[in-house]
Each structure stands twice: as structure tokens, then as C-alpha cells.
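Trainee:
Chains as they are written, first to last, in our numbering: chain Y, 1 to 259; chain R, 1001 to 1325.
So this is what it looks like as C-alpha cells:
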């Protein structure tokens, strides 16, 4: 598949600058561990936050971080779309017989983000293992659904950001409020935040669909339902449809730059 | 093969107010005005032609090329190439075209050229054998062998252009768009690029549309030129005709023995004087150098006389001037 051939090329490219590659790998890992540590010290003081224990929040953290780093690593092309427009690289995509979506996907694989990915995966495995309940097929399925949904949502956000940058040419920070901001916010279960914020991150940008809601199912919290909680990741993934349509529409409005 | 009718493209340009508060205001409220990059442009190009697409900077050359390549959607008008409308049937259409932008690379910067070529093979889904034959052919014609395993960023501009050309032809396109292919190249590289373009046009029957500011490109490659200015089509016809039209413009340089100040003389326009070197210009078809020299020698003492026909750059700038662009 073309994507893997491109991935191989990007890897080759990065190994040319080996030291820089390893350093950024390391720094990514340290940053994500630091976030986890700050969380640990918080719980060390207060033990439980709004009914959530440290091991539960660790799952939340790991899911969000895993999904975010996965998207950042493998869908990086959308994240840095503004650069593509400025450099004129996007023009080249148009003259090749593949969809712009697919070519953007192939255009960038950021292997240095794997540091974060590995750390979050390790935290995920560990925090799942220390849960007091047994992992049945249903819960494993929900967990996988959460991961897939999270990755899809971050991809959708990157695509929306890319669509914006077609009009502004400059990448805009507004999108980062939702990607980076959403990521940091959703490390904690959403019920610790004010109502309005919870609503935004449930109905507009469905972050709740891949951590807060299904997690309540995982941890057998009172009042959970299959439809409302276990299946929430399926609803969340729907965001990819408008994101894709907006992306396609904005490409029609693309005005290229310079000569 | 290429049929363009009444193509118009307008861009919305944001108006910016001056100063700090102007730009702050611009964040919230923006006024736009429309800029017509292309205004009712029509022309057609037959299979196997080489066409020079000319015009000063900002005339709308790149906009036209970008529309023809499927990058931009025009505001109105029609464009049929190979039976496709580029911006509508983009993915099917671009299989048959090759595009080279002189100002930016389409190959991958950090990897050896051959890796880029292999990626292109996969992007275009070329059968292995077909790809190998075409690659070998291009490598031979462009003398690429020593460059294939070097990362693109380490190549010189001329070498890069050769690789770009090869990359744009791997999938055997029927039409090749060249947007300023000789920009910044040294004389030898320019010659090589021209020679190569001529060859592929002759041997492979590829239709070529090129934009350039170097009139020698045109002189070497084609007789058909299309001139565009301020978005409007101004000329579509033979280059020879234009050259002929201005061929009577000549420059005469005369070195005098003494400095005579400004010289006014009938039948020839005094242009400039540097020290004892005088320059005259004439557009008179019946101008005779001998009688002019004779006239001058009656009054002045001359060392040396030199007459130059107009050069190509002057022809085109003269033409632009006349067309009002």
C-alpha cells in the first residue's frame, strides 16, 4: 500500500538526522511521563477526585494520550497542512491521480511522536491491569471502540484545522484549543468540569464519547446503559463525516499561492 | 486537444488598512475587492504542438496553468483537455499530464532521486516493466545515472531540473506543462533543457505548454506564442511575425575621436553617450548605414561603427509596451 511506502520513506528521512530523531523521541516520552506524574501527585494528596480513583483516571489519561499521539504520528499531514499550502506542496498533490485526502495522509508520518505513543500504551496496559474487575469481552470491545473513536475524532479535528488553513493560509491556533486543549482537558473525566464545558465536549466535539461516557461503563458506575455509554464511541466517530465533507468543500475553494 | 473558452478567474483580495489599528480592525471586519486574474481567455492547442505562454509577472500565466492542471477552479468559462474538465475529473485527467514548476520541486527533498521515482511509480500505479523501460529511457536521455542515488537537496539547480523533468514524464503523459523550466539555470543547463524538450516533443509526440521569461527558450522551441497581460489574451500567433515586425529596430554604436556633446541628426534617434561612445537608434525600414555614416563623417571624426539588430528581450518588451502591459 502506498501509505506504507511513504511511511518507509519518512522513516528513512528521519534516520538521516539520527541524533535529532532520538532526542525528540526521548523528549516526547519525558513530557508525557511528566503529565502522568503531576496527575499522580494530585491523587497522592486527594486520593479520589469527584468519584474517580487514580487508576481510573490513569486509564482516561492513557486513552486520550494514546489516541492523540497515534493521530499526531500517523495523520501528521493534516496537522501541518498549513505548511503544505505555504510551501506550494499542495499544488503537487492536485496534479497526481490520487485523492488529496490520501496524499495528505501519506505526506507526513512523524515517527518522533512514537515516544509518546509507547509511553501512553504502557500506561494504558498497566492501568487496565490494575483495575479490580475482570475484563470481559464486552469491556475489551468497549475499550477498543474508545481507542478507535478517539483516533478518528483527532483525525477529524486535524482535518477541520486543515480546512480552515485553506482560507487563512496561516495555520490558526483556534484549532489547537480543541486538539491540544481537548487532549489536556479530557485526561480527567469530564464530570469534574462545569456543565457548559462538559456539554461542548459531548455534543459539539464528542470527546466524551471516547473517554468519559464509555469509561463509566468500564468501571460499572451507577446509571450506565449500553446505548448511552458502551456504544458512545460509535456515535463519536460520526464526526468524521462532516469533517470529510468540509475538507472536500474547502479544497474546491483552494486558491494556491504565488507563482 | 486543448480547448479553452472564455476562462475567467477572480480572486477575492482582502483590503488592509494601514498601521497597527488598521490590522487589528482587519481581524474583525474585512473589506474585499475582486481581482480579475483571468479575463475571458480563449485559445486552443493541437496535439503535438509546443506553445509558449508569455506575459509579464502577474499577467495570469500561472493562474492559467494551474487551472489547466486541475489545481484551481475557474470562476467561469470552460476548459476541455483530452475530453476532460481538469477541475472536475481531476484524478482521471492528471494521469495524462506532466507538470514541472521551475520554482518548486515536486520530488521529495531528503531522499535519493530514485526513491522519489519509485514513489511516483506507486502513485501512478505504473506496471513494473513499463516503468523500468521509461525510466531507463529518461535516464539515458537526460544523463541521470550519476544523480539517481543522491538526495535531491544535494543537487545543483540544473541537475534538479533534469530530475524534475524525468519525474514528470515517468507516466508517459500526453501533455507536459512547464512553468518557467529554465528559471535560474546556467547557460549549459538551459541548452540541455531546451534540447530535451524538443526531443520529447518530436520523438514521443508530447504536447508542450511552457511559460518563460527567456525569449531564447521560445526561439529554440517554438513559433507559436500566446501572450497574456493583465488577465487578458493579447496575442496568439507566430513568434516570427512579431520578430519581423520589430526587426527594423536597430542600434548603432559609434566611437568618436572627440567628445562632441549631444548630436542631433536626421533619420536616426540619439539615445545616449558614454564618454566618446555614442548610441543611436532607428526604426526606419529604409535606413542605410553607409549614408548615415557618410552624413556623420562630414561633421565628426569617427573611430569605429557598430550596428546591432534588436535582441529578443527587446522585441518582447517592445511588444509588451505596445500592448500596454
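Every residue, glycine too, gets a C-beta built ideally from N, C-alpha and C.
Can we say the stretch 203-220 of chain Y touches the stretch 47-64 of chain Y, given the rule of at least three CB pairs closer than 8 Å?
Mentor: Flag = yes, the stretch 203-220 of chain Y and the stretch 47-64 of chain Y touch.
Trainee: Hey, residue 59 (chain Y) and residue 120 (chain Y) are a contact pair by Cβ (cut 8 Å); roughly how many whole angstroms apart?
Mentor: Not quite, the Cβ-Cβ distance comes to about 11 Å (not below 8 Å), so this is no contact.
Trainee: Quick check: what's the CA-CA separation for residue 205 (chain Y) versus residue 1124 (chain R)?
Mentor: So the two alpha carbons sit approximately 37 Å from each other.
Trainee: Who are the neighbours of residue 190 (chain Y) on chain R, taking C-beta pairs under 9 Å?
Mentor: Chain R residues near residue 190 (chain Y): none, gap ~32 Å exceeds 9 Å.
Trainee: By Cβ distance, which residues of its chain are closer than 6 Å to residue 1176 (chain R), with the 5 residues on each side in sequence left out?
Mentor: Cβ within range, chain order: 1098, 1206, 1208.
Trainee: Return the CA-CA distance between residue 65 (chain Y) and residue 1155 (chain R), expressed in angstroms with no decimal places.
Mentor: Going by the C-alpha atoms only, they are around 41 Å apart.
Trainee: Using a 10 Å radius around the Cβ and a threshold of 16 neighbouring Cβ atoms, would you call residue 1053 (chain R) buried or exposed?
Mentor: Buried, because 16 or more other Cβ atoms sit within 10 Å of the Cβ of residue 1053 (chain R).
Trainee: Count the C-beta pairs between the stretch 75-84 of chain Y and the stretch 164-183 of chain Y that are closer than 8 Å, then say yes if the count reaches three, no if not.
Mentor: Flag = yes, the stretch 75-84 of chain Y and the stretch 164-183 of chain Y touch.
Trainee: Skipping 5 residues on each side, what residues in its chain have a beta carbon closer than 7 Å to that of residue 1285 (chain R)?
Mentor: Closer than 7 Å at Cβ, skipping near neighbours: 1248.
Trainee: Could you please give me the residues that DSSP links to residue 1044 (chain R) through a beta bridge?
Mentor: The partner list for residue 1044 (chain R) (beta bridge, DSSP) reads R:1003.
Trainee: Mapping the DSSP letters down to three states, classify residue 1148 (chain R) as helix, strand or coil.
Mentor: DSSP places residue 1148 (chain R) in coil when its eight states are reduced to three.
Trainee: Counting only Cβ pairs nearer than 8 Å, list the residues of chain R close to residue 99 (chain Y).
Mentor: Those within 8 Å of residue 99 (chain Y) in chain R are 1091.
Trainee: Tell me which residue opens and which closes the alpha helix (DSSP H) that residue 1344 (chain R) is part of.
Mentor: Residue 1344 (chain R) lies beyond the residue range present for chain R, which begins at 1001 and ends at 1325; the question has no answer from this structure.
Trainee: For residue 94 (chain Y), decide whether its Cβ has a neighbour in chain R, counting only Cβ atoms nearer than 7 Å.
Mentor: Yes - at least one Cβ of chain R is within 7 Å of the one on residue 94 (chain Y).
Trainee: Report yes if the CB atom of residue 1325 (chain R) is closer than 7 Å to the CB atom of residue 1056 (chain R), and no otherwise.
Mentor: Yes.
Trainee: At a CB-CB cut-off below 7 Å, which residues of chain R make contact with residue 256 (chain Y)?
Mentor: By Cβ distance, chain R contributes 1066, 1071, 1072.
Trainee: Closer than 7 Å between beta carbons: that is the criterion. Which residues of the stretch 1104-1123 of chain R meet it against chain Y?
Mentor: If the cut-off is 7 Å between Cβ atoms, the stretch 1104-1123 of chain R has 1104, 1106, 1108, 1110, 1111, 1115, 1119, 1122, 1123 near chain Y.
Trainee: Tell me the DSSP secondary structure of residue 259 (chain Y) in three-state form.
Mentor: The predicted model places residue 259 (chain Y) with a pLDDT of 46, which falls under 50 and marks its position as unreliable; any figure quoted below should be read in that light. Correct three-state label for residue 259 (chain Y): coil.
Trainee: Just curious, the beta strand (DSSP E) that residue 98 (chain Y) is in, first and last residue?
Mentor: Unbroken run through residue 98 (chain Y): none, as it is neither H nor E.
Trainee: Give the residues of chain Y in contact with residue 1004 (chain R), contact being defined as C-beta atoms less than 9 Å apart.
Mentor: Near residue 1004 (chain R) there are no residues of chain Y at all, since even the closest Cβ is about 18 Å away, more than 9 Å.
Trainee: Nearest to residue 1014 (chain R) by CA position, among R:1007, R:1198, R:1022, is which residue?
Mentor: Selected option, being the one with the closest Cα: R:1022.
Trainee: Kindly identify the DSSP beta-bridge partner or partners of residue 1013 (chain R).
Mentor: R:1033, per the DSSP bridge assignment.
Trainee: Please work out which residues of its chain come closer than 7 Å, Cβ to Cβ, to residue 1283 (chain R), disregarding the five sequence neighbours upstream and downstream, and give them in chain order.
Mentor: Excluding positions up to five away in sequence, the list reads 1248, 1249.
Trainee: Mind checking whether residue 1190 (chain R) and residue 1199 (chain R) have CB atoms under 7 Å apart?
Mentor: In this structure, residue 1199 (chain R) does not lie closer than 7 Å to residue 1190 (chain R) by Cβ.
Trainee: When the Cα of residue 115 (chain Y) is compared with those of Y:21, Y:256, Y:153, which residue comes out closest?
Mentor: Answer by Cα proximity: Y:21.
Trainee: Of all the CB atoms in chain Y, is at least one closer than 7 Å to the CB of residue 1095 (chain R)?
Mentor: Taking Cβ atoms only, chain Y reaches closer than 7 Å to residue 1095 (chain R), which makes this a yes.
Trainee: Got a sec, what are the start and stop residues for the alpha helix (DSSP H) residue 229 (chain Y) sits in?
Mentor: Where residue 229 (chain Y) is concerned, there is no enclosing alpha helix (DSSP H), given that its DSSP letter is neither H nor E.
Trainee: Just to make sure I have the definition right: I need the residues of chain Y whose C-beta is within less than 7 Å of the C-beta of residue 1099 (chain R). Which are they?
Mentor: Here the neighbours are 95.
Trainee: Once the 5 residues before and after residue 1179 (chain R) are set aside, which same chain residues still bring their CB inside 8 Å of it?
Mentor: Only 1061, 1062, 1065, 1099, 1100, 1101, 1102, 1103, 1210, 1211 meet the Cβ criterion.
Trainee: For residue 156 (chain Y), which residues of its own chain have a beta-carbon under 7 Å away from its beta-carbon, when the five flanking residues on both sides are left out?
Mentor: Within the same chain, residue 156 (chain Y) has close Cβ partners 239, 240, 243.
Trainee: Taking residue 210 (chain Y) and residue 109 (chain Y) to be in contact with their CB atoms under 8 Å, please state how far apart those CB atoms are, rounded to whole angstroms.
Mentor: Not a contact, Cβ separation roughly 23 Å.
Trainee: Can you check whether the C-beta of residue 1208 (chain R) is within less than 7 Å of a C-beta belonging to chain Y?
Mentor: Output row for residue 1208 (chain R): interface = no.
Trainee: Quick one: measure Cβ to Cβ for residue 112 (chain Y) and residue 24 (chain Y), integer angstroms, because I've assumed they're closer than 8 Å.
Mentor: Contact holds; Cβ gap of about 4 Å.
Trainee: Quick check: what's the CA-CA separation for residue 88 (chain Y) versus residue 256 (chain Y)?
Mentor: Looking at the two C-alpha atoms, the distance is approximately 7 Å.
Trainee: Per the contact definition of three or more C-beta pairs closer than 8 Å, is the stretch 1114-1124 of chain R in contact with the stretch 96-107 of chain Y?
Mentor: In short, these stretches touch, since the Cβ pair count reaches three.
Trainee: To the nearest whole angstrom, what separates the beta carbons of residue 1157 (chain R) and residue 1185 (chain R), a pair I think is in contact under 8 Å?
Mentor: Sure, about 6 Å apart at Cβ, within 8 Å.
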